[in-house]
Every structure is written in structure tokens, then in C-alpha cells.
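Chains as they are written, first to last, in the numbering used here: chain A, 748 to 1120; chain B, 1014 to 1442; chain C, 408 to 768.
In this text, a Cβ means the ideal position worked out from N, Cα and C, and glycines have one as well.
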Amino acid sequence: MSLAEEQSVDHGAEAFVRFDKVQKSYDGEILVVKDLNLDIPEGEFLTMLGPSGSGKTTSLLMLAGFEPATHGEIYLGGQSINNVPPNKRGIGMVFQNYALFPHMTVAENLAFPLLVRKMNKADIEAKVQRALEMVELPQMGGRRPAQLSGGQQQRVAVARALVFDPKLILMDEPLGALDKQLREQMQYEIKHIHENLGVTVVYVTHDQAEALTMSDRIAVFEDGIIQQLSTPDDLYERPQNSFVAQFIGENNKLHGKVSKIAKGVASVDLDGGGTVTAAAVNVSAVGERTTLSLRPERVEIEPAKGQTENAITGEILELIYLGDHIRTRMNVAGNTEFIVKVPNSAGNKPLAEGAKVNVGWQSMDCRALDALG
Amino acid sequence: MTDATLSTTGAAAPLLAADGTPLKEKLARTTRRMKMRALLLTLPLVLFLILSFVLPIGQMLYRSFNNPTGSNVMPNFAQAIKNWDANQGIPSDDLVEIFVKDMASAKKNREVGKTIGNLATRVNYEIPGSRSLFTKTARRAGKITEGPYFEALVKIDKRWDNPNVWRTLQRVTNDFTLSFYLAATDRKYDSSGAIIMADELYQIYLPILWKTIWLSALITFLCFIIAYPVSYLLSTLPLATSNLLMILVLLPFWTSLLVRTSAWIAMLQKSGIINNVLVYLDIIADESRIQMIYNITGTVVAMVHILLPFLILPLYSVMKTIPPSFMRAARSMGASNTYAFTRVYFPQTIPGIAAGTLLVFILAIGYYITPALVGGSDGLLISNLIADHIKKTLNWSLGAALGTILLVVVLLFYWIYNKLVGVDNLKFG
Amino acid sequence: MTITKLLASTAVGAAIAFGSVAAQAADLTVVSWGGAYTKSQVEAYHKPFIAKTGTNIRSEDYNGGIAEIKAQVEAGNVTWDIVDVELSDAIRACDEGLLETIDHSTLPAGADGTPATSDFLEGTLYDCAVANIVWSTIFAYDKSKMADGPKTMGDFFNLQKFPGKRGLRKGAKVNLEFALIADGVAASDVYDVLSTPAGVDRAFAKLDTIKSEVVWWEAGAQPPQMLADGEVAITTAYNGRIFNAVAGEGKPFEIVWDGQIWDLDLWVIPKGAQNKATAFEFLNFSTATEQLAAQASYISYGPARKSSGPLVGKYHNKDIDMGPQMPTNPANLTNAVQSNFEFWADNADQLNERFNAWLAK
């Protein structure tokens, strides 16, 4: 039983968007989306996160109505929308390249969905102006999209998706074309708009930092399957499998074999020597191979005796000064890419490359996951 | 402190480079070499354009209103008759004497462009049937040695008594003439020197010009109707498939024009493939085979086929740049397929449509071989008439005048286009 | 295109290029109308001339008209040495100073000793041109499809009696004469009538009666082809083309001589021809009695010399008497018109405009 199904049980019938056993294949040979079950409650900001080819964009296009589902049903507000054309679904959408119509002014772009709805002229003007103010571009209505900066275009695209008051907004990597600083700024702005308007947002991205910043919940896609559906902190702190652990945040991997399981704690004999204890997440039997996942910031260097439940000796290979912390690459139990983030605080002893030091961590910070990956 | 001095005097004094020369001068000097080199690279093209385009067209324009035949053949008479008042009817005998002497010396002249035959041909354009009047009179002009000269001329041929002959001679011996533009617009001078329309039975150029224009418009429209969906298909298909289809579109492009036209003859003629199939399928009877070639149908079919790629290519290249997300965005905002197409997709293809249709129209209006081969008696277009005057009748001035009118028509359409879509908006590829 | 094909075509191209360079070096360039007609001249003139003088002759084809001659003379680069032209073109080119003048006294006397000036048929010698043959525009039909065929020019215009498409040359010349003859004008009066506006109207009115059924041709090779394809039932044509289709290809075509309009082909020498002396030599050689007679055994065009008449025998490889095939054969001349070059020189421009206007309606 996957976690997605657990969630769907939780939210039950009042889900605003529901994927029910949805499958998608383009060529009849490969399933791009395999058995997708997902419930999204009204007002939620849900992010579909995953590498390219993981099925997240396809799922979004099916929800928008641009791709038919090969199997299964998609519900919106309790109604199956499989046979509803995209223009009747009332879903706002923001595209990766913004898709602002180049032959229309900004105001004409914003008025487009309202004109389609045959709204009267005065109402359209008022709504367009309000939308422009919402994205802080009140003077830009007369310009052509090509005359705007990337960030401004992005805002117009968001405003256009919102201007006709849809209950659901889909965003397909909307910030992909912006530079880093602007991207971070836009993340907050979109999040605030979501909070203020209370619309439901389904957001697709491959950028995990973006997902963590903005989302209420994140669905991690890989290989056409949702690997984990959780809140951002759960996802980071408690990855359910090694793919998620690796995809979200930085992660040290140690391979080994389970020698004992008791009360949710597994003892693991490391391949590189030594035995450590870890939270038994994805292991069920003694003798099973496992991959331990350990966040770099949860590792202590030279812990005091008894301060950590695990301690093991390693060698410092490289020190990188990063201001707020020192990124330390070590060889621990045969893993030469073992990273420790040492806070740059006054009390810390200076470290030297080539030095042999002890590293330690709490058992609950280290998760014994599936051996694959 | 230096900043302060600069800012007080800076408004008037030019900025100086580090070595004291004005900055503008310095910049000009450093970029001069680059500019010279760029100019040098374009030189072959500029020369080529001047030699192969500007000069010939300039010459054509000039030839359409300048014809020095009259003054070449009869230099003295041309000078003498210049200030003569044509309303006198018959010129004075002094003037006629100059004419006779010029004619006698022209008769001996065998230099190309200065023979009596040249003059006879030239006058014959103005007074049809008068050619022999000149060749015949010239043979005997040498024998007229004393006055009265006018009576002597009338004795040779009574037509010299007609004032219109002399009026025309005055006009013809003037190098600058409107005659060819008049002829090209089915007009002429009447015997009193006023401009009138030619007899309806002889009006040919304006009707053919109108026919050429509307036929070109029809061909352009049909090309558009066919090319638009094809280009759309090409731009949306996966690359491998669209490349294959593109080759099919371009294949006729790589085939000789004559081969393509002949292929249409084989297809469309009475004993051709289409008629044979129709007869075989008993759709039509053997004796009522359809005439599909050697008429307007044949011209239109063959020209649409030949000109199609010129519309597909710019359309395709424009459509290729329109991402599918535009249509999706419109659909997501509630637009039906039709609405999204007319409001979002179609407007963005207008630059391609404009460029393609303009190209096809201009090519069609000057087309010549295809209508000549498959047009039959209906296939006579303005360019065929031009070719006729250049190649057969050798009335180059009339050909030039017709060519100039065609050029003006094309420029006129270009101007209208510019008003409608703007030349900057044309996208050829 | 495969590499071999590419190479082959390049080689052919190079050969043509070199060929034309070589042609520059030819001793004489003779220009004529191509096809069966040029072939008859090659057999009757070129080959014996080469055998006699060793001159290297290059034969070139063209489609008539004086545009090329004019262009060459005006450019001062005359590569054509001697050209076979129609009479009206010869007169006009001569009038405009594009041709060398020819002294008739230097032309060879006939085989029987008659001086050239009296041996040539009347009206075949001009200041700049010497006629070689008499040709004719006639009409013809396929007798395998029309057993009891048309006999007179009137029949050609009679759609009730002889239904079917008609082939006519695209242009005013010849057609207007045909129309008047069909309308009952005597052959000798044709140009008098045509010189009046009423006569022109009458000719066009007669053409109107068959306009809807006419297929227009332009090149001489078209009419026999159109007859063979069944594209037309009856067509006007050059008599030599029809004869060659009958004699050479065995086509069942029948020529109707009634109302034939005969004309001349003449040799002219463009002014400033590069090989002028050789051109005159060739002119004299080819217009001698035997050569003109010899040409008539390859194509059914009549020699321009009286003394050649008796020497005309049979078709070169078949037992066909050439005499009756000639436009000048007395039996064929009973209702014939000689094309009036002066009329056409005066009126061609205007009548062609009217013709085109009429055609476009």
C-alpha cells in the first residue's frame, strides 16, 4: 500500500481535485504515469516535484485537459472531468514560457479570459486593473509583453491565470526562466498571492528548494509513481525511501546489512567496518541490505563521550570555507563523499585536512532505507 | 576638483580621449577600418545589384519615354519642325525641303538605328499602315531636286496631304514621348493631337492588365487556402515526419519549371490521366471529356502548384515559432478551439501570411512561361505581351512602358501591404 | 542523384561548353528553323559545301524573328553568318540596316545558263535577301477519321458539315486571309479587302464563327502532333510539316491546297558577320540550281529557281513524286494567295493588337 492511498483515505470524498487510478501512455508501450491516486483539498498549495520524465508534467496536462488519461478518472469538485474540454474546466494555468500573447498588450492579455466569458467592458477594465495592481504592475497595461522584463512577464502570466477567478491554478515550472534572485523573490510573491486568495494551486517543478519554500504538501514523482506525499518538513526529515532522501536536500549514504531490529531501531553492520544504529524505516528483517541516510547538518565532529548514540572514526579529506559553515568532506566507513556541515561558531576547534576525527549522530537522525539507490 | 571643472565646462566642450583628441574623432578613427572592411565585403553585391538590377531597370524606364529614332534619322528636320505650329496643317515648303533632303540622305544611310526603315517603323506605331508611305517615298526622294517640294511629295503619295502625318512627324522627331504610355494604356492621339481611347476593338493592354491582376489575386488566394493547413500540419508534426512532408512540398521546387508544366499538360489534357480515369470510371462519356487545360483552369492549377512552396515556407517558419502553449493558454482561459485559433493563433501567423502572399502575388503577376504553355487563348497575361514586344515586334519602348506599368502596379501593392501589415512585420523565414 | 550521374552530367555540360567554344572557331555559322527543314538543308547544302570547300559549318536553330539579329548587330558581336528568314522579317531587317546588301549579279546563273536575275521566280530577289524556297500555309485533316473530308477553305469554317476542333496559328497573319477566302473573297482581292476597315471587320466576323472550337498553335511542329493526338479535327499547318508526317511517319493526313497562302524563306547575312566572305560563298553555292532541287527531295518546299523545277524528282528514300507536293505545283495554285509582305509590314502591329484583344474576349 502506497502512501498516496493513505492520503486519499484521509481526505475522502471532500477532495477538491482527485486523481483516481490514473494511467497515461503516449505510445501504448510505456506508462508515463502509473496508477496515480492523489487527493488535493481545496485551498492547498500542492507541488509535484521530480526529475524530468518522472510524469509530473503529464499529470498536470491531464488535469488541465490537454492530454487525455489513458485509464482512470480525474475529478474536480466531485465531478469527473475526463470528458470536459480544457476551456470548460475553469482552471487557470501559468506556463513555463508564460505564453503571453505577443500580439496583444498586457491589458489585452489580461482581458482575454474575461472577453471569452462575455463580461461587459467596464467590469473587464476594473478587473484587469485590479489584477495588475495585485502583481504590482499598475502602469504596464499598455505595453507589449516583449517590452517587459522576465520577472514582469512572469507576474503578468500569474495575473492572467487569476483574473477570471478560477478555483484552481496550475503552474508548470513558471519560474524556470528566471535568474536565481528573481526566482526566490517570485516564490514568496506567489506564495503570498496563494495565501491571500485561498485558491488551490498545483505547482510543477524540478527544483526541490522551490518546492520546500512554497508548498503545503509535496508529491515527489519518479518513474511515473508518487514516491512520497508529505509536508515539506516531513519530506526532509523523514524521507520514506532512498530516492526521496537523495532528491530532497543533501544526504550522506552508508551501505550495510541489518543485524538486529528492535523497537524501531535497527543495528546495521557497515560495509566499510563498524556497527551503527538507525531508525528502521524501510527494513523489516535481519540480514537485509540497507542504505543509511544521514543529513550532513546532523553529524557532530568530535562529539563528547555519550553525547551521541553513534560514533565512528573518519578522515578529513577537504575543507571548504562557506562563511556561515565549513563544509567538510570526509572518508567515513569507505564513503569518501561523506559531508559534514560544521557551524562556524567561536567554540569550535580548528580542523585540519588529513586529521583523523570522530564523527557521531543520534540514531533517530539516521534512517535505514531500502538498499536501492 | 577635475570633476568639478569638467562638469562646469562639459556642456560646451567635447569630451577628450586620454591623448587629448576629441573622443568622437578618436572613436570614428578606431572604427573606420572596421567600417571600411564591412563596406568592402558588401561591394560585390552592391556592384552586382547596380549592374544587374538598377541599370537595366533604369534603362527600361528611360526607354519607355525616350525614343530618339526620329531625330537620329532626320536630324535637320527634327530641329526645324520643333517650333512649327501644328495647327497650320501643312508645313511651309522650306520645311518640306529640309524633310525631303533628310529623307534622301537617310535613304543612303545604312547605319543601324538611322535608316529610313527605323523611322517608318516608329511612325507606323502612331499611324498604322503608314510604313510603306515612308519606304516608298524614300526610294524616290533622291530624285526630287527642286521645289515646290510639297507638291512633289503628294505626287508620290497622296497621304502627304494629310495634316495628321506632319503633326505625327513633329511628335515623333521629339525624343521624349508619351506615345508608348498611351499605347500601353489603350490610348492614342487623334488627328487633332488630343488624347483619346483607342477603338474598343483594339483595346488590349488594360483589359489584360486587369485580368492579370485578378488572376494573380485568385491564385494567391487559392495558394493561401491550400498552404495554411499544410503549413500548420508541418509545424506541429514530429520533426522526422515533417521533414519527409517538407521534401514532398519542396520536390516540385527542385524540378524544372518546364517539366512541371508539362506534367500538368499530361495530367489535364483531353487524353490525359484525369480524363482517362473519369472515362474509365464511367463518370463522364468518352466524347464529353472535360477541357481542363489551355484555358484559365489550366493556368490557375499549374500556377498554384508552382507557387505553393513560396507560401508554405514563410508560413511554416512562422508557425514553427509559435509554441503550443499559446493555444493551451487560450484554451485554459476558456476559449473554444475556434476562438483560440482566430484570436490567438491566426494573428500571430499574419507576418508569414503577409510575406508569403505578397511573394506569390508578385511572382504570379509577372509569370510568363506557364500561362503561355497551358493557358491557351485565355492564358495571355501582361508579361506575355511584354515578351512579345521585346522578342517579336521589337517595339522595345512599348515593352518598356508596359514593364514600367507592371512595376508600378507591384510597387503599389507593396505600398498597400505596407499600410496594412507593415513591412517590418513581414517574415519570410 | 548518384555520383556517377553527377559526373556524367558535369561531363556533358563541359562538353557543351567546349563545343560552343569550338563553334566560335567554326568557319561558318548557318542558322535555320530546325527539325525536318534544317535537315533538308544539311543534306542539300551543307554536306556538299563541306565536301567541296572543307569549310567547318556549325548549324544553329532558332524560332524566327529578327530580335536576335538585331541584338547581335547592335552589340557589334555578330556570330550568325547566314540566316534563313521569312520575307517580312527580311524586308524589315533590311530597312533597318541590319543586313548586308547582296549584289544579284554575283549569283550563279541557272544550270541552263539563264542569268540569276531572270532564273529566280519573280519577287524572290531583294536588296538584302535571296529566296531559297517557297513554302505554304495550308490546312490538313486525318483522313482515317474523316472519310469524306473538307475540300475548300469554306469547309474549314463550316462547323455543321465538318464538326470538330480547328487548329489555327496564334496570330493575325494568314488567319485573316483564310477567313476572307472562306467568306467568298477571291484570292486576288484578299489584300484589297483587308486594307479596308470593313474588310478587317468581315475577317474577324468570319473567325468569330469558329472561335469557340479553335485550338491555337504557335510552333510549326504542333499541328501534325495535334492532328495525330486527335486534339483537333482539322488544322492549318506548314505544308512541309504535314508532308513529312505523311512521308516520314506514315500518318494518314490529307492536305487541302484550296486557299493556300504561300510565302518565301530567304537567306540573309547579318551586317558585320564574322565570316562574311564564306557566308556569300555559301549563299551562292546553296542557291544554285542543283542544290535547290536537291533540297526538294527532302521536304516539300518549292525551289525559288525556275531552272530547279525540272530537276525535282522523288522523295529521297520513298517512291513519292515531289512535284505534286510543292506549293508551286500549278494544280495547287488554283485558288492561292501570295502573302503580301508590304501589307503585313504596314499593318501587323495594329492587326495583332486587335487579334489579341479579340482573343482575350
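What in chain B is Cβ-close to residue i, meaning under 8 Å?
i               : result
A652 of chain C : None at all; the shortest Cβ gap to chain B is about 18 Å.
R864 of chain A : G1347
P833 of chain A : R1341, R1344, S1345
Taking the continuous beta strand (DSSP E) assigned at residue i, which residues delimit it?
i                : result
L1001 of chain A : 999-1009
L1066 of chain A : 1057-1068
A1013 of chain A : 1012-1017
Y548 of chain C  : 536-549
Under three-state DSSP, which class holds residue i?
i                : result
W773 of chain C  : Here chain C covers residues 408 to 768 and nothing more, so residue 773 of chain C does not appear.
E507 of chain C  : coil
R1114 of chain A : strand
H818 of chain A  : strand
P1035 of chain B : strand
V428 of chain C  : Its pLDDT being 44, under 50, V428 of chain C is placed unreliably by the model, and the measurement read from it follows with that caveat. In the structure shown, V428 of chain C sits in a helix (DSSP, three-state: H, G or I).
R891 of chain A  : coil
M918 of chain A  : strand
D468 of chain C  : strand
V1136 of chain B : helix
N1175 of chain B : coil
M633 of chain C  : helix
Cβ-heavy atom distance between residue i and the ligand SAH below 8 Å?
i                : result
E1038 of chain B : By its list of ligands, the structure shown contains no ligand whatsoever, and the ligand SAH lies outside what it can speak to.
Give the interface partners of residue i over in chain A, defined as CB-CB distance under 7 Å, in chain order.
i                : result
A1342 of chain B : M840, F842, A846
By how many angstroms is the C-alpha of residue j removed from the C-alpha of residue i?
i                : j                : result
A430 of chain C  : L1324 of chain B : Interpretation of A430 of chain C is limited by its pLDDT of 44, a score under 50 that renders its predicted location unreliable; the figure taken from the coordinates is listed afterwards. When rounded, the distance between both Cα atoms is 44 Å.
T1055 of chain A : E1044 of chain A : 14 Å
N1289 of chain B : Q1304 of chain B : 12 Å
S705 of chain A  : I821 of chain A  : Lying outside 748 to 1120, the shown extent of chain A, residue 705 of chain A is not represented and no answer is given.
V639 of chain C  : K1201 of chain B : 39 Å
Q1072 of chain B : P710 of chain C  : 45 Å
I1111 of chain B : A1117 of chain B : 10 Å
L1041 of chain A : C1113 of chain A : 5 Å
N1308 of chain B : E920 of chain A  : 59 Å
E688 of chain C  : G627 of chain C  : 30 Å
V853 of chain A  : L909 of chain A  : 14 Å
A1080 of chain A : G1019 of chain A : 4 Å
P731 of chain C  : F546 of chain C  : 16 Å
T1018 of chain B : G897 of chain A  : With a pLDDT of 43 at T1018 of chain B, under the threshold of 50, the modelled position of that residue is not reliable, and no figure is offered here.
R1094 of chain B : N1079 of chain B : Here residue 1094 of chain B is Ile; the residue named in the question, Arg, does not match the sequence. Their Cα atoms are separated by approximately 18 Å.
A1445 of chain B : V1109 of chain B : What the structure shows of chain B is the stretch from 1014 to 1442, and residue 1445 of chain B is not part of that stretch, so it cannot be assessed.
In chain C, which residues lie with their C-beta within 8 Å of the C-beta of residue i?
i                : result
G1130 of chain B : R499, C501, D502, E503, G504
Excluding the five sequence neighbours on either side, which residues of its own chain have a C-beta within less than 7 Å of the C-beta of residue i, listed in chain order?
i                : result
V428 of chain C  : Residue placement at V428 of chain C cannot be trusted, given a pLDDT of 44 that sits under 50; what the coordinates show is reported in the next sentence. Correct list: empty, nothing qualifies.
T1198 of chain B : Y1218, L1219
R964 of chain A  : E791, L793, L976, S977, T978
T462 of chain C  : D434, L435, F456, T685
Q899 of chain A  : L884, M887
Once you ignore the five residues that flank residue i on each side, which residues in its own chain have a CB closer than 6 Å to its CB?
i                : result
R1356 of chain B : none
N1174 of chain B : A small correction: the amino acid at residue 1174 of chain B is Asp; Asn does not occupy that position in the sequence shown. Once the five neighbours on either side are set aside, the close Cβ partners of D1174 of chain B are V1167.
Taking the continuous alpha helix (DSSP H) assigned at residue i, which residues delimit it?
i                : result
N1080 of chain B : Segment: none, N1080 of chain B is in no alpha helix (DSSP H) and carries neither H nor E.
L879 of chain A  : 868-881
S977 of chain A  : Element bounds for S977 of chain A: not the alpha helix (DSSP H) but the beta strand (DSSP E), 972-977.
M560 of chain C  : 560-563
P1090 of chain A : Per DSSP, P1090 of chain A belongs to no alpha helix (DSSP H); it is in the beta strand (DSSP E), 1082-1090.
K477 of chain C  : 474-482
In chain C, what lies closer than 9 Å to residue i by C-beta?
i                : result
S1145 of chain B : E749, F750, A752, D753
Chain B partners of residue i, CB-CB under 7 Å?
i               : result
R761 of chain C : L1214, Y1215
With a cut-off of 9 Å, does the C-beta of residue i fall near any C-beta of chain D?
i               : result
V621 of chain C : Annotation note: the requested chain D is absent from the structure, which comprises protein chains A, B and C.
Within a Cβ cutoff of 8 Å, which residues of the same chain sit near residue i, ignoring the five residues on either side of it in sequence?
i                : result
K938 of chain A  : F792, T960, M961
Y1162 of chain B : D1106, V1109, E1110, F1112, V1113
Taking residue i as the query, report the chain C residues whose CB atoms sit under 7 Å from its CB, ordered along the chain.
i                : result
S1390 of chain B : W623, L766
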